[in-house]
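>
Residue numbers (the working numbering): 1 to 307.
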C-alpha cells in the first residue's frame, strides 16, 4: 500500500496533522494503537480554545471525525519499523507493509504511573497526570502531589495557590532545583511527607483518600502524579536524533534529523506538553510535510502567507 504521508499516533497532534495533510490533498494514513492518546484519560477539559468544557473522549472523537471527513484513513495498528529507501520509506506495521513519501511521528509520551491499587479505576476521577491541566478543578480542596523532581515541585506550588492544602509525597529526597525546593519550604499550605510513598488510592466514584507505606491514611480530593513520562524509543531510536530524555529533536518547522520525517506533540523536545500545543505542532508538521513532498517532486512549495 502506498501513501504520501503516514502519521504514527492518534492523539491531538497526529489527528490534527491528518486534518491538514488530507485538506492539502495528500493521501494520508494514520496508524495508531488507540484513539486520542492521553486526552482520553481526562474527563474534563477547560483549556482547549473554543470549548468551555469538553471531555477528552469527545474532543478525540471530534478530531477523528474531522480527519476522516477530509479523507484521511485510520488503521488501528502498531508501527513496528521504518526503513529509508531511495524514494521515501518502508513502514512495517503489525499487519502490513506500506510505501510512503514522508512520515510524521506523533505517538506522544505516556505519563509514568504509580501502578498501585485504585489508580487505574480512578483515572480522570481525581487521579491526574497533569497539574497544569487539572489543578483548577481542586479549588479550595485537598490534593496529594506525588514526585520529587521539578515537575512535582512546580505542581505542588501551582496547586497550592488554588487548593486548600497540598500533601507533597516522595519516597526519597527531592531532586529538583534548589529554588523550587526553597519555595516549597516557604509555602505554608504544602505539607511535605518525605520519605514515604502511596501504596493505595481509595474511592468509589472519585478519589477519597490515599494510604501511605507507613500506614497513614490521608483524606484527599485528588492525586496529581508527577513522576515523569516515558516514551517508546523502539521506533525512533537509531532513526532520528533524540535528546538524553528520549525526546525527538525538531527544528522550528517540525523537521527531524532525517529529511522526510517530521515529529509533533509530546514526543518532541518542545518543553510544554499541552493539547493545544500538540495540535499546533501537528498542523505545522503536516504543512512542512506537504512542502517537502511538493519540492521533492519539482513543484512549488508553500509560499509564506505574509509575502
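Glycine included, every Cβ here is placed at the ideal spot set by N, Cα and C.
Count the other C-beta atoms from every protein chain shown that fall within 10 angstroms of the C-beta of residue 221, then say buried if there are 16 or more, exposed otherwise.
Counting from one through the chain shown, the residue named residue 221 turns up at place 221. So residue 221 counts as buried.
> Just checking residue 58 against the ligand FMN - is the residue's beta carbon closer than 8 Å to any of the ligand's heavy atoms?
With respect to the ligand FMN, the structure shown offers nothing to examine, as it has no ligands at all.
> Tell me whether residue 20 sits in a helix, a strand or coil according to DSSP, three-state version.
Locating residue 20 in the chain shown gives position 20, counting from the first residue. If DSSP states are grouped into helix, strand and coil, residue 20 belongs with the helices.
> Give me the Cβ distance between residue 56 and residue 40, rounded to the nearest whole Å; I'm assuming they're in contact under 8 Å.
Counted from its first residue, the chain shown places residue 56 at position 56. Counted from its first residue, the chain shown places residue 40 at position 40. Yes, they are in contact, since the Cβ atoms of residue 56 and residue 40 sit about 5 Å apart, within 8 Å.
> Which of helix, strand or coil does DSSP assign to residue 107?
Indexing the chain shown from 1 puts residue 107 at position 107. Of the three classes helix, strand and coil, the one that applies to residue 107 here is coil, per DSSP.
> Hey, would you say residue 228 sits closer than 9 Å to residue 176, going by beta carbons?
Within the chain shown, the letter at position 228 stands for residue 228. Within the chain shown, the letter at position 176 stands for residue 176. Not closer than 9 Å, so no.
> For residue 225, which residues does DSSP report across the bridge?
Taking the first residue of the chain shown as position 1, residue 225 is located at position 225. Paired residues: 146.
> Cα separation between residue 159 and residue 138?
The residue given as residue 159 occupies position 159 in the chain shown. The residue given as residue 138 occupies position 138 in the chain shown. Roughly 8 Å between the two C-alpha positions.
> Should residue 34 be flagged as near chain D, meaning a C-beta pair shorter than 9 Å?
Judged by its chain identifiers, the structure shown contains no chain D, having just a single protein chain.
> Rounded to whole angstroms, what is the Cα-Cα separation between residue 120 and residue 166?
Stepping through the chain shown from its first residue, residue 120 is reached at position 120. Stepping through the chain shown from its first residue, residue 166 is reached at position 166. Cα to Cα, the separation comes out at about 22 Å.
> Does the beta-carbon distance from residue 60 to residue 18 come in below 9 Å?
On the chain shown, position 60 is the one that residue 60 refers to. On the chain shown, position 18 is the one that residue 18 refers to. Inclusion of residue 60 and residue 18 in the CB contact set at 9 Å is not warranted, their separation being larger than that value.
> Which one of 196, 34, 6 and 46 has the shortest CA to CA distance from residue 274?
For the purposes of this step, residue 274 is taken as residue 274 along the chain shown, with counting starting at 1. Ranking the options by Cα distance to residue 274, first place goes to 46.
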